[in-house]
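Using the numbering used here, read the sequence shown as starting at 1 and increasing by one per residue. The structure under discussion appears below in the form of structure tokens.
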Amino acid sequence: MGYVENTQSKTEVLAKETLISPGFYTTNIRKLSSTDTSSFQGDFSTAIANLKNDYTKDKYIRDQRFDQSWDHIQGEARELIIKLLEMYSAAEYSGFILYKELSYKLKETNSVLSSGFSLMSRDEARHASFLNKALLDFHIKPRLDFLKKEHRKYIFLPFSWFIYSTYLSERISSCYYITIFEHLESHPEYSIYPLFSFYKSWSEDENRHGDFFGVIIKSQLQLSSGLKARLVCKFFLVLIFSMTYFKHKSNENLLALLGLDAREYYVSTITKVNNSIRKDLPIVLDVEKSQFFEELDICLLHISENEKINVSNQNTLLKLIRKIPHYSSILLVILRLFIRNETV
Ligand SMILES: [Fe+2]
Ligand SMILES: [Fe+2]
Numbered sequence: 001m002g003y004v005e006n007t008q009s010k011t012e013v014l015a016k017e018t019l020i021s022p023g024f025y026t027t028n029i030r031k032l033s034s035t036d037t038s039s040f041q042g043d044f045s046t047a048i049a050n051l052k053n054d055y056t057k058d059k060y061i062r063d064q065r066f067d068q069s070w071d072h073i074q075g076e077a078r079e080l081i082i083k084l085l086e087m088y089s090a091a092e093y094s095g096f097i098l099y100k101e102l103s104y105k106l107k108e109t110n111s112v113l114s115s116g117f118s119l120m121s122r123d124e125a126r127h128a129s130f131l132n133k134a135l136l137d138f139h140i141k142p143r144l145d146f147l148k149k150e151h152r153k154y155i156f157l158p159f160s161w162f163i164y165s166t167y168l169s170e171r172i173s174s175c176y177y178i179t180i181f182e183h184l185e186s187h188p189e190y191s192i193y194p195l196f197s198f199y200k201s202w203s204e205d206e207n208r209h210g211d212f213f214g215v216i217i218k219s220q221l222q223l224s225s226g227l228k229a230r231l232v233c234k235f236f237l238v239l240i241f242s243m244t245y246f247k248h249k250s251n252e253n254l255l256a257l258l259g260l261d262a263r264e265y266y267v268s269t270i271t272k273v274n275n276s277i278r279k280d281l282p283i284v285l286d287v288e289k290s291q292f293f294e295e296l297d298i299c300l301l302h303i304s305e306n307e308k309i310n311v312s313n314q315n316t317l318l319k320l321i322r323k324i325p326h327y328s329s330i331l332l333v334i335l336r337l338f339i340r341n342e343t344v
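The following block contains the structure:
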């Protein structure tokens, strides 16, 4: 953190620097490049044509609504908006770097995938740049040290983990954006900053990214059919949806600022996503029958007990011993959810 002069501001307001820290991921490129694009040529052509059309190209324009000071937003509301902008800027840059690198690595071996990833990196760069400008509205200057490759630490994800989790993150974020957009359309009194009115285009972009990954899943038999694919897919659905649901606790205040109840919002987002991914995945969850969210609420109680133990004055070993029963209970819930959701 430091202080630098914000050259974009006409007033002499000082901008605070903030370090944007995206996650960097990689996977088994050989497996990815082996994707059989010829057997699913029609599906790939459609997904890539949709990306090439660049339907939202002219949508991300900072119109006159941005031509004002946002200094009237103060206190917790300001902190929450800045937190949101920083969080999503990191996520968009993470996607931009990932897709850019995949496009480059696949250039010689799989030109179809390479071109899809290149088009998706264009969208993510556009999203990230829009968020950067929004941060400047709040006198925050993003520091992009990660653009230098030597500053990046990569996490290797096994192929199936990489594809399912990236696919789901595109679908979840698409649903996240459209749900907020529609809510603010009907409750404009909560629309405190114009960024949210761009969420429809944003959602459409992320949905097209999800469509592209959907075709990759279909064309990789190890991900799309057979008992092993269904078991692995179910495992990731339980895991990723659980981790997504747990986030509602830390985003309660932010969503309340937009007039949304965090638990309701996450339940509805995950349920909608789960229903919309049937076309791409070998299996989806039965969130009602498995009492998915009620079971996860039990996990949240154990997580909160562990947090209380963490802040206690006991020594590390004693803390760990006290936390073990709670970890075991969380694990049992996850296992129960896995078993309760049928595999066929
Ligand atoms: Fe994005
Ligand atoms: Fe995306």
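A virtual CB, placed ideally from N, CA and C, is assigned to each residue, including glycine.
Counted within 10 angstroms of its Cβ, other Cβ atoms place residue i as buried (16 or more) or exposed
{"i": "M243", "result": "exposed"}
{"i": "S219", "result": "buried"}
{"i": "I48", "result": "buried"}
{"i": "T117", "result": "Reading off the sequence shown, one finds Phe at residue 117, where the question assumed Thr. With 16 or more other Cβ atoms within 10 Å, it is buried."}
{"i": "E150", "result": "exposed"}
{"i": "Y327", "result": "exposed"}
{"i": "V427", "result": "There is no way to answer for residue 427, as the model of the chain reaches only from 1 to 344."}
{"i": "I339", "result": "exposed"}
{"i": "S203", "result": "buried"}
{"i": "N274", "result": "buried"}
{"i": "D123", "result": "buried"}
{"i": "F156", "result": "exposed"}
{"i": "L331", "result": "exposed"}
{"i": "S45", "result": "exposed"}
{"i": "K279", "result": "exposed"}
{"i": "R126", "result": "buried"}
{"i": "Y3", "result": "Low confidence applies to Y3: its pLDDT is 37, below 50, so where it sits in the model is not reliable enough to give any reading."}
{"i": "K249", "result": "exposed"}
{"i": "T343", "result": "exposed"}
{"i": "T269", "result": "buried"}
{"i": "I324", "result": "exposed"}
{"i": "G95", "result": "buried"}
{"i": "M1", "result": "The predicted model places M1 with a pLDDT of 39, which falls under 50 and marks its position as unreliable; any figure quoted below should be read in that light. The residue in question, M1, is exposed, as its Cβ has fewer than 16 Cβ neighbours within 10 Å."}
{"i": "V20", "result": "Here residue 20 turns out to be Ile, not Val, going by the sequence shown. Buried, by the Cβ-count rule."}
{"i": "I97", "result": "buried"}
Endpoints, the alpha helix (DSSP H) within which residue i is located
{"i": "T271", "result": "262-276"}
{"i": "F159", "result": "159-186"}
{"i": "F236", "result": "227-246"}
{"i": "G95", "result": "75-105"}
{"i": "Y199", "result": "199-219"}
{"i": "F117", "result": "111-137"}
{"i": "N306", "result": "292-310"}
{"i": "Q41", "result": "41-53"}
{"i": "T316", "result": "316-340"}
{"i": "E252", "result": "252-257"}
{"i": "K31", "result": "29-33"}
Where the beta strand (DSSP E) through residue i begins and ends
{"i": "I155", "result": "154-156"}
{"i": "I140", "result": "140-143"}
{"i": "F24", "result": "24-26"}
Proximity of residue i and residue j at Cβ, strictly below 8 angstroms
{"i": "F241", "j": "S165", "result": "no"}
{"i": "Y193", "j": "F24", "result": "no"}
{"i": "E92", "j": "A134", "result": "no"}
{"i": "I216", "j": "I163", "result": "yes"}
{"i": "F159", "j": "T27", "result": "yes"}
{"i": "L257", "j": "L136", "result": "no"}
{"i": "L285", "j": "F292", "result": "yes"}
{"i": "Y265", "j": "L254", "result": "no"}
{"i": "N110", "j": "S33", "result": "yes"}
{"i": "S115", "j": "Y99", "result": "no"}
{"i": "E86", "j": "T18", "result": "yes"}
{"i": "G259", "j": "Y190", "result": "yes"}
{"i": "Y60", "j": "S197", "result": "no"}
8 angstroms Cβ cutoff, residue i in contact with chain B
{"i": "L51", "result": "The structure shown has no chain B; it contains just one protein chain."}
Check: Around ligand 2, what residues have a beta-carbon under 7 angstroms from a heavy atom of it, in chain order?
Finding: Result: G95, M120, D123, E124, E170, S173, D205, E206, H209.
Pairing CB atoms from the segment 55-68 with CB atoms from the segment 215-229, are three or more of them under 8 angstroms? No contact exists between the segment 55-68 and the segment 215-229.
(message) Quick check: the segment 179-187 against the segment 136-150, are at least 3 beta-carbon pairs closer than 8 angstroms?
(response) No, because fewer than three Cβ pairs between the segment 136-150 and the segment 179-187 fall closer than 8 angstroms, the two stretches do not touch.
| task | Inspect the CB distances between the segment 165-179 and the segment 202-221 and report whether three or more fall short of 8 angstroms. | result | Short answer: they touch.
Check whether the segment 62-74 and the segment 100-109 touch, using three or more Cβ-Cβ pairs below 8 angstroms as the test. Not touching, per the Cβ criterion.
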